[in-house]
Amino acid sequence: MDKPQLDRTLDPALRSWVASANAPDTDFPIQNLPFGRFRRKGELAWRIGVAIGDQVLDLERAGLVADADMNRLMGQGRTAREALRLAISRGLAEGSAKREAWLARAALVAQAEVELGLPCTIGDYTDFYTGIHHATTVGRMVFPDSPLGANYKWAPLAYHGRASSIGVSGQRFHRPHGQALAPGAAAIEPVLGPSSCVDFELELGAFIGKPNAPGTPIAIGAAEEHLFGFTLLNDWSARDIQAWEYHPLGPFLSKSFATTISPWIVTPEALSPFRAPSSRPGGDPAPLAYLDSARNRELGAIDITLEAWIQSAAMARAGLPPERLMRSNYRDAYWTAAQMIAHHAVGGCNLRSGDLLGTGTLSGPQPEQGGSLLELGAAGRRSVALSNGETRRWLADGDTVILRGFCERPGYRRIGFGECAGTVLAALPMARACAAG
1 MDKPQLDRTL DPALRSWVAS ANAPDTDFPI QNLPFGRFRR KGELAWRIGV AIGDQVLDLE
61 RAGLVADADM NRLMGQGRTA REALRLAISR GLAEGSAKRE AWLARAALVA QAEVELGLPC
121 TIGDYTDFYT GIHHATTVGR MVFPDSPLGA NYKWAPLAYH GRASSIGVSG QRFHRPHGQA
181 LAPGAAAIEP VLGPSSCVDF ELELGAFIGK PNAPGTPIAI GAAEEHLFGF TLLNDWSARD
241 IQAWEYHPLG PFLSKSFATT ISPWIVTPEA LSPFRAPSSR PGGDPAPLAY LDSARNRELG
301 AIDITLEAWI QSAAMARAGL PPERLMRSNY RDAYWTAAQM IAHHAVGGCN LRSGDLLGTG
361 TLSGPQPEQG GSLLELGAAG RRSVALSNGE TRRWLADGDT VILRGFCERP GYRRIGFGEC
421 AGTVLAALPM ARACAAG
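UniProt numbering puts the first residue of the sequence shown at 1, with every later residue one more than the last.
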């Protein structure tokens with residue numbers, strides 16, 4: 001990972017001829033320029049776009065890409081991405097000669113008038129466990145005296161998830177069915193039914209850009225050459241199903257029913273002013289050589305404020321806005337994105353353009369910074385109060401959870417991630433094949 005070079009695209013004085021991009025509270029100023037896919041009303045094909053204020057720049061109509069293959073664009077690597085970013089920035093900058101031509105080609109369209117899709121075709125999905133505060137809190141529920149496994153501080157742990165059920169912000173999914181122990185049951189005998197303990201998990205997703213060949217490890221110093229950028233990620237979980245099934249191989253049905261990500265991929269270039277030292281308390285073991293470098297220690301973390309909000313069905317009917325459940329920061333993660341990539345590839349695994357790596361739940365060090373109801377509600381032992389008088393131990397049907405993320409630092413423009421929203425729907429009726437056998 002190179003020390004970030006704060007190029008001209010990050011100049012805080014830079015303004016755009018797209019007026020909404022100059023608002024101080026926008027997620028998408030000209031210094032951000034995140035990539036995604038969209039389509040206009042009536043269109044079937046997805047197109048590559050960049051968010052700018054409340055608009056989307058159509059890169060193909062602007063003459064900046066030859067086609068709508070986002071995965072191919074991602075695979076071109078950092079140098080090509082930086083060159084494209086510079087061309088986009090110059091074209092959108094106040095006073096640019098591109099303005100009239102791009103408007104004449106209808107290259108700019110309001111976000112409110114388009115459908116935003118998954119930002120790319122997602123191949124494989126791996127979910128890590130880099131949030132040490134989440135890992136410690138959850139581990140203490142099961143093993144009070146030794147909440148972290150012996151391997152936690154030596155390797156970025158992960159499991160392979162399902163790419164097929166990943167949806168974009170706005171995803172609505174049915175409460176999953178699965179095996180779980182009946183509450184208060186005298187015998188250890190599971191029942192099949194809808195989960196009563198659906199939960200959210202606040203994460204970030206890291207997208208792979210440049211691939212590596214099978215059998216070829218990725219050195220930690222080169223790991224970010226393979227990173228295209230970040231989205232918000234909600235790793236929805238069914239805790240009652242998870243508690244029954246996770247020994248000995250880890251979660252399965254409790255995680256595979258839905259994962260939601262935000263539609264815009266925020267690139268490392270946009271995040272470079274917000275890099276921070278990676279955190280590892282004194283006394284902890286130094287990482288093995290393939291996971292360690294001076295640059296990763298100095299700049300491996302990123303200062304991203306993360307929030308989870310909730311709007312119940314009753315709140316929505318009453319016209320009440322969502323309310324915040326918690327706030328944490330990505331800089332508190334134990335393992336960095338570069339370490340995730342280096343560890344994933346060290347065994348010979350080839351990562352492909354569009355692969356998605358989840359960070360794991362990003363809780364903070366304080367109890368109110370838990371990135372899930374599992375933590376905020378002490379595994380269902382206490383209720384989380386909402387301002388309208390409702391309470392939650394777990395998510396109810398009709399609940400919408402909204403994840404938000406942003407970077408702020410004096411002397412730089414605010415960089416946002418947009419929203420990652422998903423809604424829990426009632427369970428579908430049990431299929432006859434499942435009920436009758």
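Built from N, CA and C at the ideal position, the CB exists for glycine as well.
Quantities reported herein were computed from a predicted structural model and do not represent experimental measurements.
- Pairwise C-beta distances place the region 114–131 in contact with the region 346–366, as three or more of them are shorter than 8 Å.
- Annotation note: the region 245–318 contains the following uninterrupted beta strand (DSSP E) runs of length 3 or greater, listed N- to C-terminal: 259–261 and 305–311.
- Residue 34 counts as buried, since at least 16 other C-beta atoms from the protein chains shown sit within 10 angstroms of its C-beta.
- Between residue 173 and residue 374, the alpha-carbon positions lie close to 20 Å from each other.
- Within the DSSP secondary-structure output, residue 234 pairs in a beta bridge with 202 and 260.
- Per the Cβ contact rule, the region 129–148 is in contact with the region 328–348 (3 or more Cβ pairs under 8 Å).
- Selection 385, 280, 44 and 276 evaluated against residue 409 yields 276 as nearest (Cα-Cα).
- Here the alpha carbon of residue 9 sits roughly 18 Å from the alpha carbon of residue 406.
- For residue 326, DSSP records a beta bridge to 308.
- Assignment of residue 401 by DSSP, reduced to helix, strand and coil, places it in the strand class.
- In this chain, residue 115 is not harboured by any alpha helix (DSSP H); it is covered by the beta strand (DSSP E) spanning 114–116.
- In this structure, the straight-line span from the alpha carbon of residue 394 to that of residue 424 is close to 11 Å.
- Here residue 86 is not near residue 57, since their CB atoms are 8 Å or more apart.
- The three-state reading of DSSP puts residue 16 in strand, counting E and B together.
- The C-beta of residue 183 has fewer than 16 other C-beta atoms within 10 Å across all chains shown, which makes the residue exposed.
- As computed with DSSP, residue 48 is found in a beta bridge with 37.
- For residue 294, the closest of 220, 361 and 255 by C-alpha to C-alpha distance is 220.
- For residue 179, the enclosing beta strand (DSSP E) stretches over residues 177–181.
- Nearest neighbour of residue 329 by Cα position, chosen from 346, 363 and 344, turns out to be 363.
- In this model, residue 361 and residue 301 are separated by some 15 Å (Cα to Cα).
- Residue state for residue 419 is assigned as strand, using DSSP reduced to three classes.
- Non-local C-beta neighbours of residue 380 in its own chain, meaning closer than 6 Å and more than five positions away in sequence, comprise 393, ordered along the chain.
- A straight-line Cα-Cα distance of about 19 Å links residue 7 and residue 21.
- Straight-line spacing of the CA atoms in residue 246 and residue 47 works out to 40 Å.
- In terms of Cα proximity to residue 243, the closest of 235, 236, 254 and 234 is 254.
- Scanning its chain for C-beta atoms nearer than 8 Å, with the 5 sequence neighbours on each side dropped, one finds around residue 41 the residues 113, 114 and 115, in chain order.
- Within the region 92–153, the runs of beta strand (DSSP E) at least 3 residues long that lie entirely inside it are, in chain order, 108–110, 114–116 and 125–128.
- A distance below 8 Å separates the beta carbons of residue 259 and residue 236.
- Beyond the five residues adjoining it in sequence on each side, residue 315 comes within less than 7 Å, by CB distance, of 388 in the same chain, given in chain order.
- As the crow flies, the alpha-carbon of residue 347 is around 14 Å from that of residue 158.
- In this structure residue 399 is not in contact with residue 279, their Cβ atoms being roughly 32 Å apart against a cut-off of 8 Å.
- Taking 3 residues as the minimum length, the beta strand (DSSP E) runs contained wholly in the region 327–384 are 356–358, in order along the chain.
- If you compare the alpha carbons of 414, 342 and 60 with that of residue 109, the shortest gap goes to 60.
- For residue 192, the enclosing beta strand (DSSP E) starts and ends at 190–194.
- In this structure, residue 411 sits near residue 12, with a CB-CB distance shorter than 8 Å.
- Going by beta carbons, residue 291 and residue 345 fall outside the 8 Å limit.
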